[in-house]
Amino acid sequence: MTHDSLQTSDDERRIDEEAALWFTRMHSQRISALETEQFKQWIAASPEHAKAYDAIAGLWRDFDHMPRPASTILPKEKRPFFRLWRPLGNTLAAFFIAAILFLPYSHLPSMLLNNMTLVATDTPKEVTLPDGSQLFLNRNTRIHVAYETPIRNLYLEQGNVYFKVKSNPYRPFIIQADNRRIQVVGTEFEVNKVAQQVAVNVSQGIVSFEDAASKQPVFLLAGDSAVSQSPNSPIARQHINPLDVARWRFGELIFVDKPLSEVLDELKNYSSINIELSPSQLAKSKISGRINTHQPEQFFQALPSLLPVQVVYRDKNNVLIIQNKKNK
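One point on numbering: in my numbering, the residue at position 222 of the sequence shown is 342, and numbering is uninterrupted.
Given below as structure tokens:
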């Protein structure tokens, strides 16, 4: 590839990213008169700008008119092709079962990764999909990949995934999670699903987050976090440090003004200790801090410095967290 072709590719990617950013700004309720004028100047600067913006706008219009699923129903898997080859059926079946059981996801044929369920149980997993997008699965996570030619569909059933999406403005990357829809073109972000709650944290780029009751998606930029408590609940939005997104990939859990109950839920992925709160209202107490996932027991040692509580070890597998009487 020549230097000129590389430069052209970089310019096209930059224009696509600028178009996506301007599309987000122009559909924000906070657009100012100055930004509107800057947008007009950007459009007038080059025919390629208008072309890229129209492509992004058309893409979103197309998917706004697509019917939303009534519920997150996984697509029916296609019949394995080896059933068509009866003489070799058993041999091929054994081969593919062995491949799925013993090969790491990164070594599976891309044909299988286009339509399969990825699972991480006791340890996180990293998966590269056929389009070059990377998925980082936290423990106790299950996600179904259902790539098609025009759309990159994924269905998050449970858990926590960090996505590094390969940019492709003409092939959207869509995640369904309990009737919530997250859509991107190319970016880096985290989606966390616990029971009915779905949270999105963005470290780079632009993410569209839509719940079942919304008529307009919420557009999130780097440093934005949004939570939907249930399919029909409104999306609550706040600002975060983008450098803190998905720190579990590096052995850390970072929490800022988070209810103790949510922190303890996350800690369950890294510790088998049973925890009891007394009184139960302690669960609503908000704390900020950092947990080393390789030494989760240190959290219990530090907790009395974060909250007016005592930590009592009944035995090595059971902990009682008691509110100090003088602070009741």
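For glycine and all other residues, C-beta sits at the position ideal for the given N, C-alpha and C. Treat the numbers as computed from the prediction; the structure is a model and nothing was measured.
Where residue i falls: helix, strand or coil (DSSP)
i, result
"VAL266", "In the sequence on display, residue 266 carries Ala and not Val. Strand, per DSSP."
"GLN336", "coil"
"ARG434", "strand"
"ILE271", "coil"
"HIS227", "Below a pLDDT of 50, predicted positions are generally treated as unreliable, and HIS227, at 43, falls in that range; the measurement from the model is reported next regardless. DSSP places HIS227 in helix when its eight states are reduced to three."
"LEU249", "coil"
"PRO362", "helix"
"ALA140", "helix"
"THR413", "coil"
"ALA213", "Because ALA213 sits at a pLDDT of 41, beneath the cut-off of 50, its placement in the model cannot be relied upon, and the point is left open."
"ALA315", "coil"
"TYR173", "helix"
"ILE135", "helix"
"SER287", "coil"
"VAL429", "strand"
First through last residue of the alpha helix (DSSP H) which encompasses residue i
i, result
"ALA346", "Run containing ALA346: none in the alpha helix (DSSP H); it sits in the beta strand (DSSP E), 344-348."
"PHE420", "417-426"
"ASP385", "380-387"
"THR156", "153-165"
Whole-Å CB distance - residue i paired with residue j, under 8 Å assumed
i, j, result
"PRO362", "ASP331", "PRO362 to ASP331, Cβ: 23 Å. No contact."
"GLN254", "LYS284", "4 Å"
"LEU257", "LEU274", "The pair is not a contact, with the Cβ atoms about 11 Å apart (cut-off 8 Å)."
"VAL318", "THR307", "About 17 Å separates the two Cβ atoms, so there is no contact after all."
"LEU341", "GLU396", "Actually they are not in contact, since the Cβ atoms of LEU341 and GLU396 sit about 40 Å apart, beyond 8 Å."
Residue i vs residue j beta-carbon contact at 8 Å
i, j, result
"PHE370", "ILE407", "no"
"VAL429", "LEU387", "no"
"ALA170", "PHE143", "no"
"ASN470", "TYR267", "Outside the shown range of the chain, which is 121 to 448, sits residue 470, and nothing can be said about it."
"ALA366", "GLU277", "no"
"ARG259", "PRO270", "no"
Residue i, enclosing beta strand (DSSP E) - first and last residue
i, result
"SER328", "326-330"
"ALA297", "293-297"
"SER353", "Taken as a continuous stretch (DSSP letters only), SER353 belongs to no beta strand (DSSP E), as it is neither H nor E."
Are the segment 391-398 and the segment 336-355 touching, with three or more C-beta to C-beta distances below 8 Å? Contact fails: fewer than three Cβ-Cβ distances are below 8 Å.
Count the CB pairs spanning the segment 420-427 and the segment 287-297 that are closer than 8 Å, and state whether there are at least three. Output reads no: the segment 287-297 does not touch the segment 420-427.
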